[in-house]
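Take a look at the structure set out below.
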Amino acid sequence: AQSVSQHNHHVILSEAASLELGCNYSYGGTVNLFWYVQYPGQHLQLLLKYFSGDPLVKGIKGFEAEFIKSKFSFNLRKPSVQWSDTAEYFCAVNAENYGQNFVFGPGTRLSVLP
Amino acid sequence: DVKVTQSSRYLVKRTGEKVFLECVQDMDHENMFWYRQDPGLGLRLIYFSYDVKMKEKGDIPEGYSVSREKKERFSLILESASTNQTSMYLCASSLGGGATQETQYFGPGTRLLVL
């Protein structure tokens, strides 16, 4: 079965610090990869997604993620975080041979200190 | 923009009550999903549906059932609520219909407290 792990449960950064959140998945076939963000009190929204092509994908609000197939990883990055980036971040995987199911990681809570 | 709405943001029920959570999407999506979200566990799939009257069990279907009588509406039913079903419930939809590059769109969630 697929599984998704996220390296950090809670990350605390100061504003302007750089961010990297780790995501690894277990499925060996073709995958679609996603990062979702949940701001306090708001619903889950798509931050960025990878289906194929350039393994470096850019999303909203200055976020980007790099798909490294050999490492089964899809890490999320942002060069300079803002207080408004405080949220919970979820990595998700959909394997094309696994039907319509998505598998989500446990989430990483990011706290950005002003 | 896809809009997924859920009938309640907050719900308080008593143990043993029957609970209905409703979800509606307005983009003619084939697929609809119910997840529960718990701290440290992320999102876990309860049930999903890929067509009207069709349903598939997810990872944690025990204690739940679903109904999809119309394409736009997907209901989650707790036949007899228990305290361990206190959680945030998220509904999602995606295009489906054999599409290979799917994106899920989420509703705002229903926070259920079972006393």
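So the protein sequences, as listed, match chains A and B.
Residue numbers for the first sequence, in our numbering: -9 to 104.
Residue numbers for the second sequence, in our numbering: 6 to 120.
Beta carbons: idealized from backbone N, C-alpha and C, even for Gly.
Extent of the continuous beta strand (DSSP E) run through residue i
i, result
"residue 53 of chain B", "47 to 56"
"residue 39 of chain B", "36 to 43"
"residue 65 of chain B", "Run containing residue 65 of chain B: none; DSSP gives neither H nor E here."
"residue 86 of chain B", "Premise fails: residue 86 of chain B is in no beta strand (DSSP E) and is neither H nor E."
"residue 32 of chain B", "That residue, residue 32 of chain B, is in no beta strand (DSSP E); it is neither H nor E in DSSP."
"residue 78 of chain A", "77 to 85"
"residue 115 of chain B", "115 to 119"
"residue 98 of chain A", "98 to 103"
"residue 76 of chain B", "Careful: residue 76 of chain B lies outside any beta strand (DSSP E) and carries neither H nor E."
"residue 10 of chain B", "9 to 11"
"residue 99 of chain B", "92 to 99"
"residue 18 of chain B", "15 to 18"
"residue -5 of chain A", "-6 to -4"
Residue i versus residue j - alpha carbon distance
i, j, result
"residue 23 of chain B", "residue 117 of chain B", "12 Å"
"residue 26 of chain A", "residue 40 of chain A", "12 Å"
"residue 9 of chain B", "residue 10 of chain A", "30 Å"
"residue 96 of chain B", "residue 11 of chain B", "7 Å"
"residue -3 of chain A", "residue 98 of chain A", "8 Å"
"residue 46 of chain A", "residue 21 of chain B", "50 Å"
"residue 44 of chain B", "residue 96 of chain A", "8 Å"
"residue 67 of chain B", "residue 70 of chain A", "43 Å"
"residue 19 of chain B", "residue 115 of chain B", "16 Å"
"residue 106 of chain B", "residue 94 of chain B", "25 Å"
"residue -1 of chain A", "residue 80 of chain A", "11 Å"
"residue 65 of chain A", "residue 92 of chain A", "18 Å"
"residue 148 of chain A", "residue -5 of chain A", "Here chain A has residues from -9 to 104 only, and residue 148 of chain A is not among them."
"residue 5 of chain A", "residue 112 of chain B", "30 Å"
Interface residues of chain E facing residue i [CB-CB closer than 8 Å]
i, result
"residue 111 of chain B", "The chain inventory of the structure shown lacks chain E, comprising the protein chains A and B."
Classification of residue i by the beta-carbon crowding that lies within 10 angstroms, buried from 16 upward
i, result
"residue 58 of chain A", "exposed"
"residue 30 of chain B", "buried"
"residue 86 of chain B", "buried"
"residue 74 of chain B", "exposed"
"residue 57 of chain B", "exposed"
"residue 78 of chain A", "buried"
Any non-hydrogen atom of the ligand ADP closer than 7 Å to residue i Cβ
i, result
"residue 96 of chain B", "For the ligand ADP, the structure offers nothing, since it holds no ligand at all."
Anticipated Cβ contact below 8 Å, residue i with residue j, distance rounded
i, j, result
"residue 36 of chain B", "residue 98 of chain B", "6 Å"
Within the region -2 to 70 of chain A, note down every full beta strand (DSSP E) run reaching 3 residues or more, in order along the chain. Here the runs fully enclosed are 0 to 4, 9 to 11, 13 to 15, 21 to 28, 35 to 40, 46 to 48, 54 to 58 and 63 to 68.
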